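What follows is a single structure, written as structure tokens, with notes after it.
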Amino acid sequence: MKPIAFVRFFQSRWFLGFVFVAIALPLLYINLRPETKSPSPQSIGPVATPISSDELVLLLAKVDREGWTPAYRQEYARLMTEEGNLPAVNALISVTTDLTLDDLPMMWRLIEDALSQRDWSTATTHLQQILQLNPQDARASYQLALLLATDTPAEAIPYLEQSSLSAEYADQVRTIRGVLAQFSNDATPEDWRTLGLVCMDLVEWGCAERAFSAALVIDSLDWQSYAYRGYVRDQSAGDGLTDLETALALNPSGLTYYFLGLHYRKIEQNLQAARDVLAQAYALDPTNPALAAELGSTYQESSEYAAAENWYSLAVSLAPEDVRWQRLRAAFYADANFQLDQIGLSAIQEAYALAPRDVDILTSMGAAYFWLFDREQARSFLQQALTIEPNNPRTRYYFALQLEREGDTQGALDSLTFVVQTLGPDAGFGLLAAREIQRLSR
357 MKPIAFVRFF
367 QSRWFLGFVF
377 VAIALPLLYI
387 NLRPETKSPS
397 PQSIGPVATP
407 ISSDELVLLL
417 AKVDREGWTP
427 AYRQEYARLM
437 TEEGNLPAVN
447 ALISVTTDLT
457 LDDLPMMWRL
467 IEDALSQRDW
477 STATTHLQQI
487 LQLNPQDARA
497 SYQLALLLAT
507 DTPAEAIPYL
517 EQSSLSAEYA
527 DQVRTIRGVL
537 AQFSNDATPE
547 DWRTLGLVCM
557 DLVEWGCAER
567 AFSAALVIDS
577 LDWQSYAYRG
587 YVRDQSAGDG
597 LTDLETALAL
607 NPSGLTYYFL
617 GLHYRKIEQN
627 LQAARDVLAQ
637 AYALDPTNPA
647 LAAELGSTYQ
657 ESSEYAAAEN
667 WYSLAVSLAP
677 EDVRWQRLRA
687 AFYADANFQL
697 DQIGLSAIQE
707 AYALAPRDVD
717 ILTSMGAAYF
727 WLFDREQARS
737 FLQQALTIEP
747 NNPRTRYYFA
757 LQLEREGDTQ
767 GALDSLTFVV
777 QTLGPDAGFG
787 LLAAREIQRL
797 SR
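Everything in the sequence shown is counted per the working numbering, starting at 357 for the first residue and increasing by one.
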């Protein structure tokens, strides 16, 4: 990487001080210290918006006197981040040749931003910079391997090997290497789809998206890759609708209708459209319990509990020994407080008999007994769930309700606060917990 040449606006340091303090135009700032290896950000190019911050003026004045240091770079990154100007930080780092380990927090912030923006090239560059500082960094090796695996798989192998030395990544690396070992000399769309599906299982959405894109470069009519890529984009703050509609036009399959239904429900929050599309998916694949369960979830979200009950029960009947559908139906009865004095409690007990140490099912048992005012049973099942998974937000929410009922208002508030801090206050159990906190704080 070649540093951008320094531009000397004026040779006089006195004049530069006047510019900083009197005129306060940091966009014109140019680092004049010959011994400094990192250039001023203003020699790189204009920032997104003019900044008149006194903090920035003082910082750049210090840089002029002392040169860039990791501490100054961190401070500059903070100021630029507050201004929403991460590109300026990227520009500075891209031409900095004296990075140190103290710069790593800033580097990871830039990498995370680049990945979220699907700027794979910038993410790759910064990961390589980190590995120049610390070649044994397992996290950086793993992330770089994921980027290279969908471009030049052979180049990913050394980084996979390095990251496999960490117990945190050993299992994922083993899985990915197994897939890459099966690649043809000239990778086929099926090779790339297989890698994409594995990355989906690993919740590595960026890797999955790039793998499906690689498949589409080879075969632009590959409806499966369009469908999967659309789903993946929906999971990672993208918009998969165009891909899903393309897949549907190429092949109106149950899989595509299913992903499209998820898009309407979770991304566009159009429950009617979601129900219609999921019903089409189920009509094409009427023995698929996942489709029945998804329809149940959609009707539950619409507070149409009778219809939701029918679909959840259908999912269970299609695969009675599969705990996933039992778990979902049990949670529905408990969370909706629906028919618990009739069939609801029996359905939850059926799930409990199948998986007595499943945290979600134990929580459903506790919640059901809470709604039925059975204090001892409610506390018993909720405590069992918390013993297995102490930080489960759903369990903590119901345990808070139980604590309040027992007169422990402060304990309830503490538990509810944990739920809000974990999930945020805007949706699901986070929203419910926030409302309870507001009620108890009056």
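Quick reminder that beta carbons are idealized off the backbone N, C-alpha and C, glycines included. Just so we're clear, the structure is a prediction, and the values are computed from it rather than from any experiment.
Reducing DSSP to helix, strand and coil, say where Ala571 ends up. helix
Report yes or no: do three or more beta-carbon pairs, one from the segment 572 to 582 and one from the segment 545 to 554, lie closer than 8 Å? Counting C-beta pairs closer than 8 Å gives three or more between the segment 572 to 582 and the segment 545 to 554, which meets the contact rule.
Quick check: Ala671 and Leu701, are their CB atoms within less than 9 Å of each other? no
Where Phe694 falls: helix, strand or coil (DSSP): coil
For Asp632, the nearest candidate out of Leu618, Ile623, Pro645 and Glu762 (CA to CA): Leu618
Excluding the 5 residues flanking Cys555 on each side, which residues of the same chain have their C-beta closer than 7 Å to its C-beta? Cys563, Ala564 and Ala567
Can you look up Ala543 in the DSSP assignment and give me helix, strand or coil? Here DSSP, grouped into helix, strand and coil, assigns Ala543 to coil.
Can you confirm whether the segment 671 to 683 touches the segment 693 to 708 when touching is taken to mean that 3 or more C-beta pairs between the two stretches lie within less than 8 Å? yes
DSSP state of Pro426 mapped onto helix, strand, coil: helix
Could you spell out where the alpha helix (DSSP H) holding Ala505 opens and where it closes? The continuous alpha helix (DSSP H) containing Ala505 extends over residues Ala494 to Ala505.
Tell me the start and end of each unbroken alpha helix (DSSP H) in the segment 698 to 747 that is at least 4 residues and wholly inside, in chain order. 701 to 710, 715 to 727 and 731 to 744
Straight-line Cα distance separating Asp578 from Leu600: 12 Å
Can you tell me whether Thr765 is buried or exposed, with buried defined as 16 or more other CB within 10 angstroms of its CB? exposed
Which one of Gln656, Ala470 and Arg465 has the shortest CA to CA distance from Ser592? Ala470
With 16 other Cβ atoms within 10 Å as the buried cut-off, status of Ser408: Only weak support exists for where Ser408 lies, its pLDDT of 49 falling under 50; the coordinates are left without a value.
Should Pro382 be labelled buried (16 or more other beta-carbon atoms within 10 Å of its own) or exposed? Residue confidence is low: Pro382 scores 35 on pLDDT, short of 50, so the model does not pin down where it sits. No coordinate-derived value is stated.
Check whether the Cβ atoms of Tyr614 and Ala646 lie closer than 9 Å to each other. yes
Just the Cα atoms here: how many angstroms apart are Val559 and Gly423? Each residue's Cα considered, the two are about 42 Å apart.
What are the boundary residues of the alpha helix (DSSP H) that includes Thr751? Pro749 to Arg761
Alpha carbon to alpha carbon, how far is Asn441 from Gln695? Each residue's Cα considered, the two are about 53 Å apart.
Collapsed DSSP secondary structure at Arg474 in the structure displayed: coil
Report, in whole angstroms, the separation of the C-beta atoms of Ser720 and Ala690, which I expect to be a contact under 8 Å. 4 Å
Based on Cα-Cα distance, which residue from Ile717, Gln518 and Tyr587 lies nearest to Gly552? Tyr587
If I measure Cβ to Cβ from Met357 and keep anything under 6 Å in the same chain, skipping five residues before and after, which residues do I get? Any reading at Met357 must be qualified, since the residue scores a pLDDT of 41, below 50, and its modelled position is unreliable; the value itself is stated next. Excluding positions up to five away in sequence, the list is empty.
Rounded distance between the beta-carbons of Asn748 and Val776, thought under 8 Å: Rounded, the Cβ-Cβ distance is 14 Å, inconsistent with contact.
Does the distance from the C-beta atom of Tyr515 to that of Arg495 stay below 9 Å? no
From Glu511, Tyr498 and Thr508, residue whose alpha carbon lies closest to that of Arg530: Closest in C-alpha terms to Arg530, from the list Glu511, Tyr498 and Thr508, comes Tyr498.
Which listed residue (Leu504, Arg685, Thr452 and Leu414) has its alpha carbon closest to that of Pro426: Thr452
Distance, Cα to Cα, Gln794 vs Ala768? Put simply, the backbone Cα of Gln794 is about 12 Å away from that of Ala768.
Proximal residues to Pro390 (C-beta, below 6 Å), its chain only, five neighbours per side dropped: Caution applies to Pro390, whose pLDDT of 34 falls short of 50 and renders its modelled position unreliable; the model cannot decide the point.
Where Thr643 falls: helix, strand or coil (DSSP): coil
Under 7 Å Cβ to Cβ from Leu521, same chain only, skipping five residues before and after it: list those, please. Ala494
Any idea what DSSP makes of Ala378, helix, strand or coil? Confidence at Ala378 is low in this model, with a pLDDT of 31, below 50, so the placement of that residue is unreliable and no value is reported for it.
Going by the CB atoms, is the gap between Ile744 and Leu718 shorter than 9 Å? yes
Val529 - DSSP class collapsed to helix/strand/coil: In the structure shown, Val529 sits in a helix (DSSP, three-state: H, G or I).
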